[in-house]
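Q: In our numbering, the protein residues as written are 1277 to 1454. All residues carry an ideal CB built from backbone N, CA and C; glycine is no exception. For clarity, every value in this text was computed on a predicted model and none was experimentally measured.
#1: Ignore the nearest five residues each way along the sequence and tell me which others in residue 1405's own chain have a CB closer than 6 Å to its CB.
#2: In its own chain, which residues sit with a C-beta less than 6 Å from the C-beta of residue 1435, not counting the 5 before and 5 after it?
#3: I'd like to confirm the pairing. Which residues does DSSP put opposite residue 1396 in its beta bridges?
#4: Identify which residue in 1333, 1340, 1412 has its Cα closest to the Cα of residue 1470.
#5: Given a cut-off of 8 Å on the beta-carbon distance, is the pair residue 1403 and residue 1440 in contact?
#6: So, using beta-carbon positions, are residue 1384 and residue 1366 closer together than 8 Å?
#7: Span of the beta strand (DSSP E) holding residue 1435?
#8: Take residue 1357 and list the residues in its own chain whose beta-carbon comes closer than 7 Å to its own, dropping the five residues that flank it on each side.
#9: If you run the structure through DSSP and keep just helix, strand and coil, what is residue 1296?
#10: Would you grab the beta carbon distance between residue 1285 and residue 1331 for me? Rounded to a whole angstrom, and I think it's under 8 Å.
#11: Pull up the distance between the alpha-carbon of residue 1388 and that of residue 1410, whole angstroms please.
#12: For residue 1349, which three-state DSSP category applies?
In structure tokens:
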């Protein structure tokens, strides 16, 4: 089945070690299943497919590491990183019926998860960064009864604010003057 891009939100808490950052994060994602993009066949037959509500949602927890790649003389900080975690997936109940035979599936399950990110942060003050990042999130394929589920793959763009609590205030990177 295909799903629209949906909406994702992320919250995290981490520690800045200098060029390395560690983070524990929670990602909530919701999307609508694209019924037009779904194609079902059983041998030469095309069964009828019904869904109670065409939705899919996931809640993921990740432990991640990021590497900051500061550029001297600027407040821009490119970074990359990745993490491992778990995704709790919730799918709409779906019934496939072919003549007098029917099969239902859906519900929830937990899967191992992984993510990778590449981004650009702007040090707006000694305690805050504004950032934009490209994020990839995935989970491996799995079997559910006689049904084989394809891997969960999500791509997205995220924008946000990073705040530093306590500790010594890091001075913003100097701005080059002509």
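A: On the basis of the supplied data:
#1: 1397, 1399, 1438
#2: 1408
#3: 1354, 1408
#4: Here the chain has residues from 1277 to 1454 only, and residue 1470 is not among them.
#5: yes
#6: yes
#7: 1428-1439
#8: 1340, 1341, 1342, 1343, 1393
#9: strand
#10: With a Cβ gap of about 16 Å, residue 1285 and residue 1331 do not count as contacting.
#11: 21 Å
#12: coil
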